[in-house]
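With my numbering applied, the sequence shown covers 351 to 677. All C-beta atoms in this analysis are idealised placements derived from N, C-alpha and C, irrespective of residue type, glycine included.
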Amino acid sequence: MHKIPVGVLGASGYAGRELCGLIARHPDLTLAWAAAHEQRGERMRLPGVGSVAFVAAEEAPLGDAVVVFSALPHGASAAWVARAHAAGAKVVDLSADLRPGHAPTPGCGAVTADAYGLPELERDSVRTASIVANPGCYATAVLLGLLPALANGLVAEDATVSVAAASGVTGAGNAPRRELMFAEVAEDFRPYAVGNHHRHLPEMRAVLERFACPADLVFTPHLLPVARGIIATITLPLAKAVADPQALWRAHYAGECFVAVGDAPPALRDVVHGNVARLFVMALAGVRRPTLVIVSALDNLLKGAAGQAVQNANLLLGLDESAGLTA
Ligand SMILES: NC(=O)c1ccc[n+]([C@@H]2O[C@H](COP(=O)([O-])OP(=O)(O)OC[C@H]3O[C@@H](n4cnc5c(N)ncnc54)[C@H](OP(=O)(O)O)[C@@H]3O)[C@@H](O)[C@H]2O)c1
């Protein structure tokens, strides 16, 4: 059967390698080329895939790919998205560069995304887009937790929505950094970007604004000494009490193949190596105003990055949305 050629920029990084693996196992896609930067010219063995040779991004035949995935660092990605688009490819950008709420990259003001690639929020605009901004990993976890509340107008207008989240270290990418060395991370647990400064806040706020939700959002990420996975615990003050929040969340996601609402809080082992975000919701006890706690867990490299990017590419190409992805 004829397979659709796709290319990966940033293929030697954590998200890029995951993409190469998903493409190799995809029934309808084939990897036309894989590009790297410092690791250009090298080969990498990927479990279950065999070995992938990395070309320099400058030498990648961008126009040979029907879809280009850009898994480049933020700031470096927008210019390559513009080049791939000019070469005739559809693009899924995994970086923050083109996400809603982000300032344009200097020199790349003309390139914008046609869709924010959270299929559970805007599936139809992804289907017709030529450039898709894939959401951040934390943003995916938090927004999937919040969407039923936003869609049903449940958030109190004067609310402060508080999120405490933790991610495994692959979330920080594989460029060497002293604070991410094994001995610095192992057997430790610490917050970072404290003070509401994380890069994913603008896209989360942009979605709240879309639902005319004026609540404040406070987001505090933590570094977990594991390779992959995110858990976000969201505290959500309500406009009024909700009788059966679990039923409401389940109804909102009925028919979604990559979001599941469970009857117990998810653990990392429930989500790693799969493309499903797992949610749990219940009313908080012992507080004066009606408040929900929502727990959202996902694999940062799959539903939080490469898996969601393939979900978006499937939509762009008119394929089955779940093709090549496992729950
Ligand atoms: N990791 C996650 O959980 C995650 C989740 C969601 C979104 N994302 C986003 O996905 C993107 C990739 O993340 P990552 O964690 O995979 O990062 P990473 O491990 O640091 O990989 C970055 C990749 O980009 C290449 N690269 C770096 N600078 C470049 C340049 N100037 N020109 C061309 N290629 C360049 C690197 O090549 P060399 O290694 O060969 O130099 C590498 O292949 C980022 O924008 C990140 O924010 C990541």
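With MET341 as the anchor, note down where its beta strand (DSSP E) starts and where it stops. What the structure shows of the chain is the stretch from 351 to 677, and residue 341 is not part of that stretch, so it cannot be assessed.
Cα separation between ALA360 and LEU642? To locate residue 360, count along the sequence shown from 1; it is residue 10. To locate residue 642, count along the sequence shown from 1; it is residue 292. Strictly speaking, residue 360 in this sequence is Gly, with Ala absent from that position. Those two C-alpha atoms are separated by around 39 Å.
Going by Cα to Cα distance, which pick from GLY579, ALA591, PRO595 is closest to ASP620? Residue mapping note: residue 620 aligns to position 270 of the sequence shown, counting from 1. Selected option, being the one with the closest Cα: GLY579.
Residues in the same chain with beta-carbon distance under 6 Å from THR305, minus the five sequence neighbours each way, listed in chain order, please. Limits of the chain in this structure are 351 at one end and 677 at the other, which puts residue 305 out of reach.
Can you find the residues in the same chain that come closer than 8 Å, C-beta to C-beta, to ALA432, ignoring five residues on each side of it along the sequence? Working through the sequence shown from its first residue, we reach residue 432 at position 82. The answer, listed in chain order, is CYS458, ALA460, VAL461.
Counterpart residues of LYS440 in DSSP-defined beta bridges: If you number the sequence shown from 1, residue 440 lands on position 90. Paired residues: VAL417.
Does the beta-carbon of ARG528 have 16 or more other beta-carbons within 10 angstroms, so that it is buried, or is it exposed? Position 178 of the sequence shown, counted from the first residue, corresponds to residue 528. Result: exposed.
Is ALA520 close to ligand 1? I mean its beta-carbon at under 8 Å from any heavy atom of the ligand. As a first step, residue 520 is located in the sequence shown; it is residue number 170 there, counting from the start. According to the sequence shown, residue 520 is Thr rather than Ala. Correct: THR520 has its Cβ closer than 8 Å to ligand 1.
For ALA749 and VAL622, I'd like the C-alpha separation in whole angstroms. The shown model of the chain, from 351 to 677, leaves out residue 749, and the question about it has no answer.
Can you find at least 3 beta carbon pairs, one from the region 384 to 393 and one from the region 354 to 374, that sit closer than 8 Å? yes
Are there any heavy atoms of ligand 1 lying less than 8 Å away from the beta-carbon of HIS387, as far as the coordinates show? For the purposes of this step, residue 387 is identified with residue 37 of the sequence shown, where counting begins at 1. Flag set: Cβ of HIS387 near ligand 1.
Does the Cβ of ARG367 have 16 or more other Cβ atoms within 10 Å, making it buried, or fewer, making it exposed? Sequence index remark: in the sequence shown, residue 367 carries index 17 (1-based). So ARG367 counts as buried.
Closest residue to PRO397 among LEU493, GLU408, LEU372 (Cα-Cα distance): The residue given as residue 397 occupies position 47 in the sequence shown. It is LEU372 whose Cα lies nearest to the Cα of PRO397.
Run of the beta strand (DSSP E) containing HIS572, from where it starts to where it stops: Taking the first residue of the sequence shown as position 1, residue 572 is located at position 222. Element bounds for HIS572: 566 to 573.
Would you report the Cα separation of ALA479 and PRO469, rounded to the nearest angstrom? Translated into the one-based positions of the sequence shown, residue 479 becomes position 129. Translated into the one-based positions of the sequence shown, residue 469 becomes position 119. The alpha-carbon atoms of ALA479 and PRO469 are separated by roughly 12 Å.
Straight-line gap, ASN694 to TRP383 (C-alpha atoms, nearest Å): Coverage of the chain is limited to positions 351 through 677, which leaves residue 694 absent and any answer about it impossible.
Between the region 590 to 608 and the region 566 to 574, can you find at least three pairs of beta-carbon atoms closer than 8 Å? no
Would DSSP call ARG639 helix, strand or coil? Stepping through the sequence shown from its first residue, residue 639 is reached at position 289. Coil.
Less than 7 Å between C-beta atoms, sequence neighbours within five positions excluded: which residues of the same chain meet that for TRP599? Locating residue 599 in the sequence shown gives position 249, where the first residue counts as 1. The answer, listed in chain order, is PRO498, VAL611, LEU629, VAL631.
Cβ of HIS452 within 9 Å of Cβ of VAL492? Along the sequence shown, one-based indexing puts residue 452 at 102. Along the sequence shown, one-based indexing puts residue 492 at 142. No, the Cβ-Cβ distance between HIS452 and VAL492 is not below 9 Å.
So, does the region 560 to 567 touch the region 423 to 430, judging by three or more C-beta pairs under 8 Å? no
Can you give me the C-alpha to C-alpha distance between ASP532 and PRO541, rounded to a whole angstrom? Along the sequence shown, one-based indexing puts residue 532 at 182. Along the sequence shown, one-based indexing puts residue 541 at 191. Note that residue 532 is Phe in the sequence shown here, rather than Asp. Approximately 17 Å between the Cα atoms of the pair.
To the nearest angstrom, how far is it from the Cα of GLY654 to the Cα of GLY495? Within the sequence shown, numbered from 1, the residue matching residue 654 stands at position 304. Within the sequence shown, numbered from 1, the residue matching residue 495 stands at position 145. Distance between the alpha carbons of GLY654 and GLY495: 13 Å.
Which full runs of the beta strand (DSSP E) of 3+ residues lie inside the region 355 to 397, going along the chain? 379 to 386, 393 to 396
To the nearest angstrom, how far is it from the Cα of HIS548 to the Cα of ALA436? Taking the sequence shown and counting its residues from 1, the one referred to as residue 548 is at position 198. Taking the sequence shown and counting its residues from 1, the one referred to as residue 436 is at position 86. Cα to Cα, the separation comes out at about 31 Å.
Alpha carbon to alpha carbon, what distance is there between VAL626 and PRO640? As a first step, residue 640 is located in the sequence shown; it is residue number 290 there, counting from the start. As a first step, residue 626 is located in the sequence shown; it is residue number 276 there, counting from the start. Cα to Cα, PRO640 sits roughly 29 Å from VAL626.
Run through DSSP, which three-state label would TYR603 get? Indexing the sequence shown from 1 puts residue 603 at position 253. Residue state, collapsed to three classes: coil.
Hey, would you say the C-beta of HIS548 is under 8 Å away from at least one heavy atom of ligand 1? Stepping through the sequence shown from its first residue, residue 548 is reached at position 198. False, no ligand heavy atom lies under 8 Å from that Cβ.
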